[in-house]
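K.L.:
Can you keep this structure in mind? I'll have questions shortly.
Have a look at this one:
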């Protein structure tokens, strides 16, 4: 087997074989090639060299990464007549957790998260049911193993389904850990360490990211888990400390609270950084009333295993420096995610990365700084870390690489939902970002506090159910951003996202007749501006 250095060397020689025979560079390269013939004879992967000469490759497209985006790109390319292979390999978590094909969303993200969120919502529904006349005798309790087994079985069925889809669409699936040799070559390594060299006209990187552990907290890795582990636990995590205030942290703490566990969120500075500040406050306010505890302005210092088996967490208050301790059954780190780029060999090839984030610098067409190498999804610098954007971007990239289209991905006005106990969905700009771009006097904010009909009979507090529509102040008042907290927030917001893509204005909103009785109709009824100072609470039905 040739070494990586040998393959790169021979490829470089190949590039110069078509130069002017009389040129000094041509002569130098031919001399170097001649000197290397004795080594070349011992190399078993002669096909790599010969294919470079002929311009033929093993594949038209090699996709490194079998997550939602990588799978979408590979299947789309195959349907367009491309010869495609996808490499996917799951490095076990620090706790040894591993899973099948499908990436973060299927295995340790969107799918199991939403199902556990649903489990929590059902718990609340059981409580509400008694107000609606359901006679529930005895104590209602939740069984983690039953839920976990059902969800994990569903995830495994999705893993198998992805394998079948690849086979049906004639995409070659390779369970290999991939790294790049050059702009046309990928080295794949099996779990046992066996190497395979693959070549392709184009290479697409879609390796996504993994949760980070803090590097300055003793005991964090030894005693903590991440979202890579939580969804595959066979027994309840028990009393849990969730460190971090990202949407992942709040979602996990929310459903843990909802199924009856003691959950605390440790927040260093602010919750839901990057989201609208007012909306983030409503989400955490509701969570606190829901039963989730918050340790605000707190910095973890160490985690120790006690003789009792519990985990003692030591932290300090950011402002006073006071040291506090408490004991938990589990510590879940949700302090951000890191792109899976370190093992790809990108620095050797000159693929430009953001030094701080480790993400790949990409153009509007998902191209990198090296020809024939493309990247998209969570590893792309400045890209939304969302499954639907990766899927859409992957499909569009496949069409461009196949020469079928020049359409680029539009990353503006992408809607998203935070599946906390009170869901929060948004599309477009936050109020802060709109003000930054257009000035405080250049925007108009319409808002309303409303009460879902379902909350009335159940006598549930609706103090955080809120709608905010951020518009340009002049003309027809183009809608810049829409924010919604309440039941089924994602379902409500999806349709309005299309409206923003079409350039919807506040005038369009006023012309729209709502569906009654729904929470969504409250969006088209907003008429109180923040500027007016009037009470935005909706009265009546």
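Numbering (full-length UniProt numbering), first residue to last: 1 to 541. Note that CB positions come from ideal geometry on N, CA and C, so glycine has one too.
Buried or exposed for residue 515, please, with buried defined as at least 16 other CB atoms from any protein chain shown within 10 angstroms of its CB.
P.N.:
In the chain shown, residue 515 corresponds to position 515, counting from 1. Exposed, by the Cβ-count rule.
K.L.:
So, helix, strand or coil for residue 443, using DSSP?
P.N.:
As a first step, residue 443 is located in the chain shown; it is residue number 443 there, counting from the start. Looking at residue 443 - three-state DSSP - the assignment turns out to be strand.
K.L.:
State the Cα-Cα distance for the pair residue 100 and residue 497, rounded to the nearest angstrom.
P.N.:
Here residue 100 refers to the residue found at position 100 when the chain shown is read from its first residue. Here residue 497 refers to the residue found at position 497 when the chain shown is read from its first residue. Roughly 32 Å separates the two Cα atoms.
K.L.:
Tell me the rounded alpha-carbon separation between residue 210 and residue 462.
P.N.:
Walking along the chain shown from the start, residue 210 turns up at place 210. Walking along the chain shown from the start, residue 462 turns up at place 462. The straight-line gap from Cα to Cα measures roughly 36 Å.
K.L.:
Output the distance between the C-alpha atoms of residue 532 and residue 262, rounded to the nearest integer angstrom.
P.N.:
The residue given as residue 532 occupies position 532 in the chain shown. The residue given as residue 262 occupies position 262 in the chain shown. When rounded, the distance between both Cα atoms is 42 Å.
K.L.:
Please work out which residues of its chain come closer than 7 Å, Cβ to Cβ, to residue 457, disregarding the five sequence neighbours upstream and downstream, and give them in chain order.
P.N.:
Numbered from 1 along the chain shown, position 457 holds the residue referred to as residue 457. Cβ within range, chain order: 131 and 132.
K.L.:
So, helix, strand or coil for residue 315, using DSSP?
P.N.:
Reading the chain shown from its first residue, position 315 is the one you call residue 315. If DSSP states are grouped into helix, strand and coil, residue 315 belongs with the strands.
K.L.:
Would residue 311 pass as a contact of residue 292 if the rule is Cβ separation under 8 Å?
P.N.:
Start at 1 with the first residue of the chain shown, and residue 311 comes out as number 311. Start at 1 with the first residue of the chain shown, and residue 292 comes out as number 292. No, these two residues do not count as a Cβ contact at 8 Å.
K.L.:
Can you tell me where the beta strand (DSSP E) with residue 455 in it begins and where it stops?
P.N.:
One-based indexing of the chain shown puts residue 455 at position 455. Premise fails: residue 455 lies in the alpha helix (DSSP H), 453-458, not in any beta strand (DSSP E).
K.L.:
List the endpoints of the continuous beta strand (DSSP E) containing residue 295.
P.N.:
Taking the first residue of the chain shown as position 1, residue 295 is located at position 295. Here the beta strand (DSSP E) through residue 295 covers 293-295.
K.L.:
Determine the direct distance from the alpha carbon of residue 474 to that of residue 438, and round the result to whole angstroms.
P.N.:
By one-based count along the chain shown, residue 438 stands at place 438. By one-based count along the chain shown, residue 474 stands at place 474. Roughly 11 Å between the two C-alpha positions.
K.L.:
Which partner residues of residue 202 appear in the DSSP bridge assignment?
P.N.:
As a first step, residue 202 must be located in the chain shown, where it is residue number 202. Paired residue(s): 61.
K.L.:
Go ahead and pull the three-state DSSP assignment for residue 426.
P.N.:
Counting from one through the chain shown, the residue named residue 426 turns up at place 426. Three-state result, residue 426: strand.
K.L.:
Name, in chain order, the residues that DSSP records as bridge partners for residue 90.
P.N.:
Numbered from its first residue, the chain shown carries residue 90 at position 90. Looking at the DSSP assignment, residue 90 forms no beta bridge with any residue, so it has no partner.
K.L.:
Since residue 414 is in the beta strand (DSSP E), which residue starts that stretch and which ends it?
P.N.:
Taking the first residue of the chain shown as 1, we reach residue 414 at position 414. From DSSP, residue 414 is part of no beta strand (DSSP E); its letter is neither H nor E.
K.L.:
Measuring from the CB of residue 146, is there a heavy atom of the ligand MN at a distance below 7 Å?
P.N.:
The ligand MN is not among the ligands present in this structure, which contains no ligands whatsoever.
K.L.:
Run through DSSP, which three-state label would residue 290 get?
P.N.:
Here the question's residue 290 lines up with position 290 in the chain shown. Residue 290: helix per DSSP, three-state reduction.
K.L.:
Mind reading off the beta-carbon distance from residue 542 to residue 240? Whole number of angstroms is fine, and I expect it under 8 Å.
P.N.:
Limits of the chain in this structure are 1 at one end and 541 at the other, which puts residue 542 out of reach.
K.L.:
For the alpha helix (DSSP H) that contains residue 492, what are its first and last residues?
P.N.:
Mapped onto the chain shown, residue 492 falls at position 492. Unbroken alpha helix (DSSP H) run through residue 492: 489-501.
K.L.:
Can you name the residues that DSSP bridges to residue 132?
P.N.:
Looking up residue 132 in the chain shown gives position 132. DSSP, once it has assigned bridges, lists no residue as partnering residue 132.
K.L.:
How is the beta strand (DSSP E) around residue 76 delimited, first residue to last?
P.N.:
Working through the chain shown from its first residue, we reach residue 76 at position 76. Here residue 76 belongs to no beta strand (DSSP E); instead the alpha helix (DSSP H) covers 68-79.
K.L.:
Strictly by DSSP, which residues pair up with residue 174?
P.N.:
If you number the chain shown from 1, residue 174 lands on position 174. Answer is 87, bridged to residue 174.
K.L.:
When the Cβ atoms of the region 298-309 are set against those of the region 445-455, are three or more pairs found closer than 8 Å?
P.N.:
Because the criterion of three Cβ pairs below 8 Å is not met, the region 298-309 and the region 445-455 do not touch.
K.L.:
Drop a sphere of 10 angstroms on the beta-carbon of residue 366, count the other beta-carbons inside from all chains shown, and report buried for 16 or more, exposed for fewer.
P.N.:
To locate residue 366, count along the chain shown from 1; it is residue 366. Result: buried.
K.L.:
CA-CA distance, residue 407 and residue 396?
P.N.:
Start at 1 with the first residue of the chain shown, and residue 407 comes out as number 407. Start at 1 with the first residue of the chain shown, and residue 396 comes out as number 396. Distance between the alpha carbons of residue 407 and residue 396 is about 7 Å.
K.L.:
Thinking C-alpha only, which one of 465, 481, 259 and 390 is nearest residue 488?
P.N.:
By one-based count along the chain shown, residue 488 stands at place 488. Nearest C-alpha to residue 488: 465.
K.L.:
Kindly provide the ranges of any alpha helix (DSSP H) runs that are 4 or more residues long and lie completely inside the region 130-168, ordered along the chain.
P.N.:
Those alpha helix (DSSP H) runs which fall completely within the region 130-168 and span 4+ residues are 144-168.
K.L.:
Output yes or no for whether 8 Å exceeds the beta carbon distance between residue 68 and residue 391.
P.N.:
Here residue 68 is taken as the residue at index 68 of the chain shown, counted from 1. Here residue 391 is taken as the residue at index 391 of the chain shown, counted from 1. Going by C-beta atoms, residue 68 is nearer than 8 Å to residue 391.
K.L.:
Assuming residue 437 is part of the alpha helix (DSSP H), what are its boundary residues?
P.N.:
The residue labelled residue 437 in the question sits at position 437 within the chain shown. Counting along the chain, the alpha helix (DSSP H) containing residue 437 begins and ends at 431-438.
K.L.:
Can you confirm whether the region 282-296 touches the region 254-272 when touching is taken to mean that 3 or more C-beta pairs between the two stretches lie within less than 8 Å?
P.N.:
Segments in contact, yes.
K.L.:
Please identify the residue among 185, 213, 184 and 154 whose C-alpha is closest to the C-alpha of residue 94.
P.N.:
In the chain shown, residue 94 corresponds to position 94, counting from 1. Among 185, 213, 184 and 154, the Cα nearest to that of residue 94 is on 213.
K.L.:
Is the number of C-beta pairs between the region 178-195 and the region 82-90 that are closer than 8 Å three or more?
P.N.:
As far as the Cβ criterion goes, the region 178-195 touches the region 82-90, which means the pair count is three or higher.
K.L.:
Can you find the residues in the same chain that come closer than 7 Å, C-beta to C-beta, to residue 110, ignoring five residues on each side of it along the sequence?
P.N.:
Numbered from its first residue, the chain shown carries residue 110 at position 110. Cβ neighbours of residue 110 beyond the five flanking positions: 387.
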